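Residue numbers (the numbering used here): 603 to 845. Just so you know, even glycine gets a beta-carbon here, dropped at the ideal spot from N, CA and C. Remember, predicted model here, so these are calculated numbers, not experimental data.
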Ligand code: G3P
Ligand code: CA
């Protein structure tokens with residue numbers, strides 16, 4: 603059985619402001635295999651990397667991301683209150699993809715269409731990934747499974763995964779029947795007896811979020827599940843100890 607991979611959740615977000623270039627660069631330095639990031643559309647149709655639909659929690663702005671132009675968003679601080687990162691800004695998806703490609707990282711793009719639908723976000727994202735030649739490096743996920751269907755319509759070869767927090771009955775069969783090759787369950791879901799076994803035995807890729815504590819990291823990595831973690835340095839240390 604192979605040991606699982608490590609994806610940095612919003613970058614190395616335990617040590618740098620989430621979803622910023624410093625967090626993604628740090629993930630690479632800490633030895634993550636990949637990064638996870640969240641994508642939204644601006645008022646002028648640009649793809650930007652930020653978690654929330656709104657600006658208040660992680661920036662010094664206010665209101666909806668989608669009510670601002672890219673130029674407006676780029677004036678905001680995105681340091682999320684973390685000292686030493688005053689220059690951190692909301693990055694474009696292009697900036698993050700270029701950084702990740704340069705660092706040889708896998709890229710899990712989460713399309714944030716669960717609250718706002720952002721018409722056209724799937725097409726724009728796939729076009730950018732293709733322009734940069736990163737199709738084989740990207741995994742698309744979303745809580746909105748119609749978004750995943752749209753990604754698959756646009757590119758049947760795209761690697762996709764269903765993201766879910768509430769437990770879904772027979773999610774392995776549901777994914778396999780739709781050509782979706784990965785499951786991204788919440789950590790608490792795989793603590794239900796039998797579920798992790800079922801997911802792993804299905805042959806689908808299993809990437810569990812958000813896994814930050816050593817016992818969980820150890821248990822999942824050892825069994826071949828990938829982890830999406832805020833702390834890739836800790837995950838690397840745990841994995842190294844597995845031998
Ligand atoms: O992709 C896994 C995880 O990031 C999903 O939840 O809210 O952190 O985007 P959230
Ligand atoms: Ca996410």
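- Close CB contacts of residue 696 within its chain, under the 8 Å cut and outside five residues either way in sequence, are with 649, 730, 734 (chain order).
- The way I'd put it, the region 612-619 does touch the region 682-698; three or more beta-carbon pairs between them come closer than 8 Å.
- For residue 749, there is no enclosing beta strand (DSSP E); the enclosing alpha helix (DSSP H) has its first and last residue at 747-756.
- Leaving aside the five residues that flank residue 782 on each side, the residues in its chain whose CB is nearer than 7 Å to its CB run, in chain order, 750, 762, 763, 764.
- For residue 799, the enclosing alpha helix (DSSP H) begins and ends at 797-803.
- Here residue 790 is exposed, its C-beta having fewer than 16 other C-beta atoms within 10 Å.
- Annotation: the region 647-717 contains the following complete segments of the beta strand (DSSP E) (minimum length 3 residues), in chain order: 649-651, 708-713.
- One alpha carbon belongs to residue 644, the other to residue 668, and they sit about 4 Å apart.
- In the displayed model, residue 720 falls within coil according to three-state DSSP, outside both helix and strand.
- With fewer than 16 other Cβ atoms from the protein chains shown falling within 10 Å of its own Cβ, residue 755 counts as exposed.
- With a cut-off of 8 Å, the C-beta of residue 612 is classified as near ligand 2, since at least one heavy atom of the ligand falls inside that distance.
- Of the other Cβ atoms in all chains shown, fewer than 16 fall within 10 Å of the Cβ of residue 704; this residue is therefore exposed.
- Beta-bridge pairing by DSSP links residue 608 to 829.
- For the 9 Å CB-CB criterion, residue 797 and residue 766 do not form a contact.
- One thing to note: residue 714 has its Cβ within 9 Å of the Cβ of residue 653.
- Scanning its chain for C-beta atoms nearer than 6 Å, with the 5 sequence neighbours on each side dropped, one finds around residue 814 the residues 831, 832, 833, in chain order.
- Contact between residue 605 and residue 838 fails: their C-beta atoms lie close to 11 Å from each other, not under 8 Å.
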